[in-house]
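A.B. asks:
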Amino acid sequence: MNQSRKQMVLEKSKFHCINFLLSYETGKVVEIQNKKVAFWYRLIQLSVIIYVIGYAIIYDKGYQEIDSAISSTNTKVKGITHVNFGNFPSTFFNGRMIYDPQDYVIKQDGDSFFVMTNMVITPKQYQGKCPEDPESYRTICKTDKDCQQGTSNKYGHGERSGRCVPSDRNSTVKVCESYGWCPTEYDVLPMENYNNFSKTIPLLDGTKESTVLIKNQIHFPKFKVTRNNIVHNQKKGSYMKRCLHNEETDPFCPIFKLRNIVENCGDNYTKVGFKGGIYGIIIKWDCNLDHSIYDCVPEYKFERLDDEKTPLSHGYNFRYVNYFVENGTRYRTLTKAYGIKFELVVFGKAGKFDIIPLLMNLGAGIGLLGIATIWCDFIVLNLVEKKEVYREHILESVEEQALRRETLRRAREQSIQNEFANNEFTNNEFAEL
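Per our numbering, the sequence shown starts with residue 175, numbered consecutively.
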């Protein structure tokens with residue numbers, strides 16, 4: 175008998191399980207005949223549909239899988255200019271000197287290159303003792319006590335010797351004598367006392383006519399696609415030898431005149447070149463791989479990257495030295511190079527159709543449609559005149575006592591059903607006996 179009762183319980187459990195799996199529950203739907211609410215409801219739905227289909231999927235290509243580019247760049251500068259040093263007191267810088275890219279392109283790597291346009295040269299420095307520059311911070315003194323031996327000033331040019339001596343550049347003041355590279359640098363533009371250099375035109379102003387060839391190669395690893403900015407139909411013939419980048423006539427030519435890059439940013443090359451600056455050459459790849467691979471071409475833009483109005487360290491410069499030995503003494507030529515640094519900034523992305531991002535955007539759009547329902551429910555329940563009437567139809571309130579009575583009623587019905595089933599089972603057993 176216990177086994178039969180267990181079997182009956184098992185059958186009931188199976189029935190409830192099957193009933194749960196094969197049943198469907200839905201929320202209560204209330205149709206509201208209100209033109210204003212309906213207008214807002216359809217307007218929000220239409221806005222969501224336009225956003226999802228028009229912007230997210232079509233305009234923003236939400237149906238594509240996106241990959242970012244791996245990029246490499248290389249530059250080659252060409253152009254000749256000259257500087258007339260006149261009677262400059264150096265055997266290395268004297269008279270008319272020709273400068274080619276090996277002379278004025280000081281720093282060059284894959285992502286940037288620097289073109290020297292102006293300079294301050296301190297020739298034939300040697301290791302010894304000499305007066306400090308009176309223009310340097312904390313170098314002026316009155317007695318030897320102001321120049322403690324062995325100490326150094328981070329704004330100076332060496333270690334103090336302990337002596338306070340007359341300045342070799344301004345006889346009215348005394349400065350600390352230091353041990354270091356002598357004579358100290360005279361950091362003034364233009365260089366004074368030699369050939370009357372211009373106060374507005376940089377020494378290497380001729381570099382504005384120089385050109386730079388930019389080679390850029392990108393790779394999209396996800397799609398296994400590689401492209402370069404030497405466009406396919408330009409690889410044959412003499413086009414690359416004669417073309418010069420122009421946004422209207424030659425937008426894909428990778429050869430740029432330096433002056434044009436600066437002028438495209440609204441600046442004057444001569445004015446910028448006197449103290450230097452930093453410019454960005456932006457190469458943007460936006461490739462739709464659902465179209466022809468040959469439509470994947472770069473777009474070039476130019477931006478000035480440094481702050482030309484900054485009160486501190488205006489422009490761009492750095493120092494470098496060249497060493498040599500003469501009559502057994504080691505010398506160096508110190509050059510403070512002013513110029514224009516060109517930064518290559520590459521952005522690259524490619525897209526190709528994929529069903530997964532499309533379904534994700536459609537799913538997000540379906541979810542956003544719920545905004546219309548939430549907003550209209552808020553209006554109906556809180557803002558319209560007949561909100562109390564709508565509230566009665568939309569919201570059902572169940573009191574705790576009524577809920578208890580309903581629970582007891584269902585428990586009694588379930589108990590009667592179980593008792594009836596047990597009695598029927600017992601009668602069947604007696605009938606079999």
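Glycine included, each C-beta is placed from N, C-alpha and C at the ideal position. Every value quoted in this text rests on a predicted model; they were computed, and no experiment measured them.
Name the two residues that bound the continuous alpha helix (DSSP H) containing Q323.
C.D. replies: To locate residue 323, count along the sequence shown from 1; it is residue 149. Looking at the DSSP string, Q323 is not in any alpha helix (DSSP H), and its letter there is neither H nor E.
A.B. asks: For the putative contact between C470 and R401, defined by C-beta atoms under 8 Å, what is the C-beta separation to the nearest angstrom?
C.D. replies: Looking up residue 470 in the sequence shown gives position 296. Looking up residue 401 in the sequence shown gives position 227. Going by Cβ atoms, the distance from C470 to R401 rounds to 5 Å, so yes, they are a contact pair.
A.B. asks: Taking the straight line between their C-alpha atoms, what separation do you get for F599 and S187?
C.D. replies: For the purposes of this step, residue 599 is taken as residue 425 along the sequence shown, with counting starting at 1. For the purposes of this step, residue 187 is taken as residue 13 along the sequence shown, with counting starting at 1. Its pLDDT being 45, under 50, F599 is placed unreliably by the model, and nothing is read from it.
A.B. asks: Whole alpha helix (DSSP H) runs in the region 380 to 404 with 4 or more residues, listed along the chain?
C.D. replies: Counting whole runs of 4 or more residues, the region 380 to 404 contains no alpha helix (DSSP H) stretch at all.
A.B. asks: Taking the runs of the beta strand (DSSP E) that are 3 residues or longer, which of them lie wholly in the region 475 to 501?
C.D. replies: Runs found: 491 to 500.
A.B. asks: Taking DSSP's pairing of strands, which residues face K373 in a bridge?
C.D. replies: Your numbering for residue 373 matches position 199 in the sequence shown. BP columns for K373 are empty, so no partner.
A.B. asks: Three or more C-beta pairs closer than 8 Å, one from the region 360 to 374 and one from the region 492 to 501: is that the case here?
C.D. replies: The region 360 to 374, when compared against the region 492 to 501, does not touch it at the 8 Å Cβ threshold.
A.B. asks: Between the beta-carbon of N258 and the beta-carbon of P308, is there less than 8 Å?
C.D. replies: As a working note, residue 258 is residue 84 in the sequence shown. As a working note, residue 308 is residue 134 in the sequence shown. Contact: no.
A.B. asks: Report back the beta-carbon spacing between Y453 and R478 to the nearest angstrom; my notes put them in contact at under 8 Å.
C.D. replies: Within the sequence shown, the letter at position 279 stands for residue 453. Within the sequence shown, the letter at position 304 stands for residue 478. So it is a contact: roughly 6 Å between Cβ atoms.
A.B. asks: Please state the DSSP three-state secondary structure of L607.
C.D. replies: Indexing the sequence shown from 1 puts residue 607 at position 433. Unreliable placement is indicated for L607, whose pLDDT of 48 sits below 50; no coordinate value is reported for it.
A.B. asks: Using only CA atoms, which one of D481, D277, K449 and D285 lies nearest to S245?
C.D. replies: Residue mapping note: residue 245 aligns to position 71 of the sequence shown, counting from 1. It is D285 whose Cα lies nearest to the Cα of S245.
A.B. asks: Only counting the same chain, and skipping five residues up and downstream in sequence, which positions put a Cβ closer than 7 Å to that of F604?
C.D. replies: For this step, residue 604 is matched to residue 430 along the sequence shown. The predicted model places F604 with a pLDDT of 45, which falls under 50 and marks its position as unreliable; any figure quoted below should be read in that light. Once the five neighbours on either side are set aside, F604 has no close Cβ partner at all.
A.B. asks: Given a cut-off of 8 Å on the beta-carbon distance, is the pair V554 and V226 in contact?
C.D. replies: To locate residue 554, count along the sequence shown from 1; it is residue 380. To locate residue 226, count along the sequence shown from 1; it is residue 52. Not a contact, by the Cβ cut-off of 8 Å.
A.B. asks: Cutting at 6 Å between CB atoms, please list the residues of its own chain near Y215, excluding the five before and the five after it.
C.D. replies: Position 41 of the sequence shown, counting from 1, holds the residue named residue 215. Same-chain partners within the cutoff: A546 and C550.
A.B. asks: If you count every other CB in all the chains shown that lies within 10 Å of the CB of R312, and 16 or more means buried, which is it?
C.D. replies: Your numbering for residue 312 matches position 138 in the sequence shown. R312 comes out exposed.
A.B. asks: Among N420, C427 and E421, which has the Cα closest to the Cα of Y413?
C.D. replies: As a working mapping, residue 413 is identified with position 239 in the sequence shown. The option with the nearest alpha carbon to Y413 is C427.
A.B. asks: In or out: F266 buried (at least 16 other Cβ within 10 Å) or exposed?
C.D. replies: Start at 1 with the first residue of the sequence shown, and residue 266 comes out as number 92. The residue in question, F266, is exposed, as its Cβ has fewer than 16 Cβ neighbours within 10 Å.
A.B. asks: Contact between the region 234 to 243 and the region 380 to 399: three or more CB pairs below 8 Å?
C.D. replies: As far as the Cβ criterion goes, the region 234 to 243 touches the region 380 to 399, which means the pair count is three or higher.
A.B. asks: Which residue or residues does DSSP assign as beta-bridge partners of C304?
C.D. replies: Residue mapping note: residue 304 aligns to position 130 of the sequence shown, counting from 1. Per DSSP, S352.
A.B. asks: Give me the Cα-Cα distance between F288 and V279, rounded to the nearest whole angstrom.
C.D. replies: For the purposes of this step, residue 288 is identified with residue 114 of the sequence shown, where counting begins at 1. For the purposes of this step, residue 279 is identified with residue 105 of the sequence shown, where counting begins at 1. Whole-angstrom Cα-Cα distance: 6 Å.
A.B. asks: So, is N491 buried or exposed, given that buried needs 16 or more other C-beta atoms within 10 angstroms?
C.D. replies: If you number the sequence shown from 1, residue 491 lands on position 317. Classification for N491: buried.
A.B. asks: Counting only runs that start and end within the region 429 to 471, where is the beta strand (DSSP E) found for 3 or more residues in a row?
C.D. replies: Fully enclosed beta strand (DSSP E) runs of 3 or longer: 429 to 431 and 451 to 462.
A.B. asks: What are the partner residues of L378, as DSSP defines its beta bridges?
C.D. replies: As a working note, residue 378 is residue 204 in the sequence shown. The partner list for L378 (beta bridge, DSSP) is empty, contrary to what the question assumes.
A.B. asks: DSSP three-state call for E205: helix, strand or coil?
C.D. replies: Numbered from 1 along the sequence shown, position 31 holds the residue referred to as residue 205. DSSP places E205 in coil when its eight states are reduced to three.
A.B. asks: By DSSP, does E587 sit in helix, in strand, or in coil?
C.D. replies: Counting from one through the sequence shown, the residue named residue 587 turns up at place 413. E587 falls in the helix class under three-state DSSP.
A.B. asks: In the DSSP assignment, the alpha helix (DSSP H) including M534 goes from what residue to what residue?
C.D. replies: Position 360 of the sequence shown, counting from 1, holds the residue named residue 534. I529 to L542 is the extent of the alpha helix (DSSP H) around M534.
A.B. asks: Which full runs of the beta strand (DSSP E) of 3+ residues lie inside the region 239 to 289, going along the chain?
C.D. replies: 244 to 252, 255 to 258, 270 to 273 and 279 to 283, all fully within the region 239 to 289.
A.B. asks: On the three-state DSSP scale, how would you describe Y512?
C.D. replies: Residue mapping note: residue 512 aligns to position 338 of the sequence shown, counting from 1. Here Y512 sits in strand by DSSP.
A.B. asks: So Y505 and K298 are supposed to be a Cβ contact under 8 Å. How far apart are they, rounded?
C.D. replies: Taking the first residue of the sequence shown as 1, we reach residue 505 at position 331. Taking the first residue of the sequence shown as 1, we reach residue 298 at position 124. Right, their Cβ atoms sit about 5 Å apart.
A.B. asks: Report the partner residues of H293 according to the DSSP bridge assignment.
C.D. replies: Translated into positions along the sequence shown, residue 293 becomes position 119. Sequence check: residue 293 is Met here, not His. Its beta-bridge partners are A511.
A.B. asks: Is P376 buried or exposed, if buried means 16 or more other CB atoms sit within 10 Å of its CB?
C.D. replies: Locating residue 376 in the sequence shown gives position 202, counting from the first residue. Result: buried.
A.B. asks: Is the Cβ-Cβ distance between G336 and C356 less than 8 Å?
C.D. replies: To locate residue 336, count along the sequence shown from 1; it is residue 162. To locate residue 356, count along the sequence shown from 1; it is residue 182. Contact: no.
A.B. asks: If I measure Cβ to Cβ from T296 and keep anything under 6 Å in the same chain, skipping five residues before and after, which residues do I get?
C.D. replies: Here residue 296 refers to the residue found at position 122 of the sequence shown. Only E359 and L508 meet the Cβ criterion.
A.B. asks: If I455 and I388 are in contact, beta carbons under 8 Å, what's the gap, nearest whole angstrom?
C.D. replies: Your numbering for residue 455 matches position 281 in the sequence shown. Your numbering for residue 388 matches position 214 in the sequence shown. At roughly 7 Å, the Cβ-Cβ gap stays under 8 Å, so I455 and I388 are in contact.
A.B. asks: Can you tell me whether E359 is helix, strand or coil according to DSSP?
C.D. replies: The sequence position of residue 359 within the sequence shown is 185, counting from 1. Looking at E359 - three-state DSSP - the assignment turns out to be coil, as it is neither helix nor strand.
A.B. asks: Give every residue of the same chain whose Cβ lies closer than 6 Å to the Cβ of P340, excluding the five residues on either side of it in the sequence, and list them in chain order.
C.D. replies: Stepping through the sequence shown from its first residue, residue 340 is reached at position 166. Contacts found: K348.
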